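Worksheet: one structure, shown below.
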Amino acid sequence: MPRILIVDDNYAVRDVIRTILARAGFEVTIADGGHSALKALAEQKFDLALIDIEMPDMSGYDVCTYIKTHRTWRTLPVVLMTGRPLVGVPERVQSVGAAFLFPKPFEREALLRCVKTFLPSGGETGSEAQS
Numbered sequence: 159m160p161r162i163l164i165v166d167d168n169y170a171v172r173d174v175i176r177t178i179l180a181r182a183g184f185e186v187t188i189a190d191g192g193h194s195a196l197k198a199l200a201e202q203k204f205d206l207a208l209i210d211i212e213m214p215d216m217s218g219y220d221v222c223t224y225i226k227t228h229r230t231w232r233t234l235p236v237v238l239m240t241g242r243p244l245v246g247v248p249e250r251v252q253s254v255g256a257a258f259l260f261p262k263p264f265e266r267e268a269l270l271r272c273v274k275t276f277l278p279s280g281g282e283t284g285s286e287a288q289s
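The number in the working numbering is simply the position in the sequence shown, starting from 1, with 158 added.
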């Protein structure tokens, strides 16, 4: 079962994403900021990270940069998320090595498509494998 790390300082956003992904059969871990994300990464292996760009303790850019320069985590696909205007953001997302920029707010199907696109396994969960 693919493991996904969700990093967002907004409880409501984290909870919506967690609920959608858990119901789709993914194993989900949530972190409320950059420092807790790095702690989770040190304790568990993930297949994908969804990280908000704007957080009070560390920006999503900083978290992504740390992941992409860390020997153990550098191959982890990172999707950065934002609800802000996109002027200059796509270029910065690309420069830190993120796989994709996912806009908020979002629809359930768009989130699932995004996750399945960037998971190394193509997003197959155990329930899909048995179908």
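All C-beta atoms in this analysis are idealised placements derived from N, C-alpha and C, irrespective of residue type, glycine included.
Remember, predicted model here, so these are calculated numbers, not experimental data.
Who are the near neighbours of residue i in its chain, counting only those whose CB is closer than 7 angstroms to its CB and skipping five residues on each side?
i      : result
LEU179 : ILE162, VAL186 and VAL273
ASP167 : ASP190, GLY191, ASP210, MET213 and PRO214
ALA256 : CYS222, VAL236, VAL237 and LEU238
Residue range of the alpha helix (DSSP H) that residue i falls in?
i      : result
GLU185 : Looking at the DSSP string, GLU185 is not in any alpha helix (DSSP H); the run it does join, the beta strand (DSSP E), is 185-189.
GLY192 : 192-201
VAL251 : 247-253
Under 8 angstroms by Cβ, that's how I've got residue i and residue j pegged, so tell me the actual separation to the nearest angstrom.
i      : j      : result
LEU196 : TYR224 : 7 angstroms
LEU237 : LEU208 : One point to set straight first is that residue 237 is Val, not Leu, in the sequence displayed. Sure, about 5 angstroms apart at Cβ, within 8 angstroms.
LEU206 : PRO235 : 5 angstroms
VAL165 : LYS262 : Their Cβ separation, rounded to whole angstroms, is 13 angstroms, which puts VAL165 and LYS262 out of contact at 8 angstroms.
MET159 : GLY183 : 7 angstroms
Is it buried or exposed, residue i, if we count other Cβ atoms within 10 angstroms and call 16 or more buried?
i      : result
ARG181 : exposed
SER285 : The pLDDT assigned to SER285 is 44, lower than 50, so where the model puts this residue is not dependable; a value taken from the coordinates is nonetheless given after this. The residue in question, SER285, is exposed, as its Cβ has fewer than 16 Cβ neighbours within 10 Å.
VAL245 : exposed
Grab the span of the beta strand (DSSP E) containing residue i for me, first residue to last.
i      : result
GLN161 : Note that residue 161 is Arg in the sequence shown, not Gln. 161-165 is the span of the beta strand (DSSP E), which, as asked, contains ARG161.
LEU277 : Neither: LEU277 is in no beta strand (DSSP E) and is coded neither H nor E.
With which residues is residue i paired in a DSSP beta bridge?
i      : result
THR223 : Paired residue(s): none; THR223 is not in a bridge.
ILE178 : Answer is none; ILE178 lacks a bridge partner.
THR240 : PRO261
ASP210 : MET239
Once you ignore the five residues that flank residue i on each side, which residues in its own chain have a CB closer than 6 angstroms to its CB?
i      : result
LYS226 : ARG232 and GLY255
LEU277 : PRO160, ASP205 and LEU206
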